[in-house]
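Residue numbers (full-length UniProt numbering), protein chains in the order written: chain A, 1 to 443; chain B, 1 to 70.
Working notes for the structure below.
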């Protein structure tokens, strides 16, 4: 095992990674922008390096600045967290080229999965079910192509992620609008203008499988997470197991996720995202995230594993800490965002009160504390509130209590939305799909 | 006359109008960016942009004046 790890991230995920790094007796090195100097993760690291101003392009996305911090502190390995440089193959290559250990998959696997068109074609070849769609970039809003696939179609940026640049088109007029939006976003956010079209599955659930590619080359699947509670195609609540996935479907999805990982020589923690038709009990591949996922804690709660520890072991070429995994119970994550609970618009500001719920069945991964300023420069995630129960009903009861006990003041948060969600029959029964939040807001 | 003000702290990403432009109720005047989200700011009245207070790259605070439509 290495002696020091630089965490190339911020906020809750930097704090989460630092916790495990230090628990294993490894030196944790944080990097931070000027805007983040007072955040808890900076204090909790053994060493912290200022890498630039608030703007991500000049700090967390600045490869030279991050590498200089790694050299200055003699870091032996780099953990990228999620977002920022986590799925940047050039960064992974640079880390490796400079003689450090990259705590993530091989750069080739990142590249292969980073382009959604390429990923889709690779998966189809590996025998993983994919939605009918385009096998190469679509150069314009081609109505014939869309009609060939069949409306409604999903218009997506090939280099995209995080729901940005995605929209559904139900006819030719919507196709043109969706195409233009996707193209603008694709160029601006991802520097890759390629667009693909795919059949949109109505009333689908968004379910993903956690995989680990081990140091010896085998790939294992650790169970699924249901991420169907979304706004703007972005997740807000996740749970495991999925209420919409039966035993037989789960077995097929886990096996396909293993094949997906094997097809790209995957190492470390990754997530295979799928769309599930709960009625037909069938699924298609959506994309693969080649990093630790935001919602990884719910898998940790039901498996008892520390996924960051497994990432470190695999990167060090060592065996993982377990031999087999049998998930138990039910876990739910709520992403507490700095945004208004009605329209979900950003709400930066200063935190005056921060009181977390506590208890045996509650886990809070937070990035902030009272006195911190939440700036408009980064994503609105304040904390991940996770609860556990022996079954879903008990997890929901724990969630109601924990949401009511979480006190954040000084800015707007979406906590009141969670109270609303937990009272919604659609969520309470478990019989919901990715349209749930829109339907709640349309009432 | 309608004063258009910022609803939140944000960066000004795109300015789509200039002083003197005619706008219709509902037209997009500027696009703000906050927390990785684009927020279009719309005209709340039809008329002429008599004042435009922001430029691309500015950081604006909640309540700051963006434009005046007369």
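All C-beta atoms in this analysis are idealised placements derived from N, C-alpha and C, irrespective of residue type, glycine included.
Since we're looking at a predicted model, the values are computed, not measured.
* Beta-bridge pairing of residue 334 of chain A - partner residues as DSSP gives them -> A:237, A:385
Given a limit of 9 Å on CB to CB distance, which residues of the stretch 315 to 338 of chain A reach chain B?
337, 338
CB contact below 9 Å: residue 379 of chain A versus chain B = yes
Across which residues does DSSP place residue 32 of chain A in a beta bridge pair?
In DSSP, residue 32 of chain A forms a bridge with A:50.
Which class does residue 33 of chain B belong to by DSSP, given the choice of helix, strand or coil? strand
- Applying a beta-carbon distance threshold of less than 8 Å, which residues of chain B neighbour residue 376 of chain A? Those are 8, 9, 10, 11, 33, 34, 35, 59, listed as they occur along chain B.
Discussion item. By the 9 Å beta-carbon criterion, what residues does the stretch 151 to 183 of chain A contribute toward chain B?
Written reply: Residues of the stretch 151 to 183 of chain A that bring their beta carbon within less than 9 Å of a beta carbon in chain B comprise 162, 164, in sequence order.
Can you give me, in chain order, the residues of the stretch 46 to 59 of chain A that have a beta carbon less than 8 Å from any beta carbon in chain B? Answer in chain order: no residues at all.
* Cβ contact check for the stretch 263 to 274 of chain A and the stretch 102 to 113 of chain A: 3 or more pairs under 8 Å -> In short, these stretches touch, since the Cβ pair count reaches three.
- Task: Mind checking the stretch 341 to 358 of chain A against chain B and listing, in chain order, the residues whose C-beta falls within less than 8 Å of any C-beta there?
- Result: 345, 346, 347, 348, 349
Margin query: List, in chain order, every chain A residue whose beta-carbon is nearer than 9 Å to that of residue 66 of chain B.
Written below: Neighbours of residue 66 of chain B on chain A: none; closest Cβ ~15 Å, over 9 Å.
Worksheet item: At a CB-CB cut-off below 9 Å, which residues of chain A make contact with residue 39 of chain B?
Response: 345, 346
Exercise for review: Name the two residues that bound the continuous alpha helix (DSSP H) containing residue 310 of chain A.
Suggested key: 307 to 315
Original post:
Which value, in whole angstroms, describes the spacing of the CA atoms of residue 206 of chain A and residue 272 of chain A?
Top reply: Whole-angstrom Cα-Cα distance: 11 Å.
Beta-carbon within less than 8 Å of residue 275 of chain A's beta-carbon, same chain only, minus the 5 sequence neighbours each way: which residues are those?
131, 201, 204, 205, 206, 207, 283, 284, 286
Exercise. For the candidate residues A:151, A:110, A:10, whose alpha-carbon lies nearest to that of residue 289 of chain A?
Worked result: A:110
In whole angstroms, give me the CA-to-CA distance for residue 62 of chain A and residue 56 of chain A. 8 Å
> Straight-line CA distance for residue 156 of chain A to residue 25 of chain A?
Replying inline: Using only the alpha carbons, I get a separation of about 43 Å.
Would you say residue 232 of chain A faces chain B, with C-beta separation under 9 Å as the test?
yes
* Counting pairs of beta carbons, one from the stretch 295 to 312 of chain A and one from the stretch 244 to 251 of chain A, are three or more of them closer than 8 Å? -> Too few Cβ pairs lie closer than 8 Å, so no.
| said: Give me, in chain order, the residues of the same chain whose beta-carbon lies closer than 8 Å to that of residue 114 of chain A; leave out the 5 immediate sequence neighbours on both sides. | reply: 87, 89, 159, 290
*Exposure of residue 353 of chain A, with buried meaning 16 or more beta-carbon neighbours within 10 Å*: exposed
Quiz item: On the three-state DSSP scale, how would you describe residue 262 of chain A?
Solution: Residue state, collapsed to three classes: helix.
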